[in-house]
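Inspection log for the structure reproduced underneath, given as structure tokens.
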Amino acid sequence: MGAKVLILITLVVAMLGMVLGASHTVGASAGSWDLQTNYTTWASRTRFTIGDELQFEYSTTVHNVVEVRKAGYDACNSSSPIVMFLTGNDIVPLAAIGTRYFICGVPGHCIAGMKVQVNVKSKAVRTIQRCRGTGKRFRCRYETVLSSATVAGIDQSARARLGLAIVVTSLMLFI
Ligand SMILES: [Cu+2]
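Residue numbers (mature numbering (1 follows the signal peptide of the UniProt record, and there is no 0)): -21 to -1, 1 to 154.
Below is the structure:
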């Protein structure tokens, strides 16, 4: 009875881990939403998929976040914003495929580099091959993972939990 409840909980946690996306703190880990970080570099090192979220962390006395269209992004013009964020700890869900554009609306900051564009991709599933062994004996198996799993720490742990759930489920079949 108790063991089955535990197994059920493990499975639910694993599934939640798969459904929930990753949270990307803009500029992390070397920076944040500031005048020093290179966001082109940051975005190129991060894979954004549907269900993820961006987190902008900054001092409200110094910066803000304005979501704009491409023209506003290119021209550093925040006069026709899609949304303005002002809390200093803004969570932006990435709910659809496509490119999103964010700039700092404080005069001079966007031109100085406080602008980031994020390309949101579908949560494609792919298969990876995993081998382990010593000497001439190698065992390989194929594993299906979400494409974001190689980048996001959250998804890494979700995959670990899923793996655990599969092991636990297999054990249950033998009991
Ligand atoms: Cu700013």
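Even for Gly, the Cβ is constructed at its ideal location relative to N, Cα and C.
The beta carbons of GLN96 and ALA22 sit about 7 angstroms from each other, so the pair counts as a contact at 8 angstroms. Per DSSP, the unbroken beta strand (DSSP E) holding SER2 starts and ends at 2 to 4. In this structure, the straight-line span from the alpha carbon of VAL71 to that of GLU32 is close to 5 angstroms. ILE90 and ARG48 have their C-alpha atoms spaced approximately 16 angstroms apart. Taken through DSSP and simplified to helix, strand or coil, GLY112 comes out as strand. Between GLU46 and MET63, the gap from beta carbon to beta carbon is short of 9 angstroms. Residue environment: ARG79 is assigned as buried (16 or more neighbouring CB atoms within 10 Å of its CB, all protein chains considered). Following the DSSP letters along the chain, one finds TYR80 inside the beta strand (DSSP E) bounded by residues 77 to 82. In this structure HIS42 is not in contact with THR25, their Cβ atoms being roughly 20 angstroms apart against a cut-off of 8 angstroms. Between VAL99 and ILE29, the C-beta spacing is below 9 angstroms.
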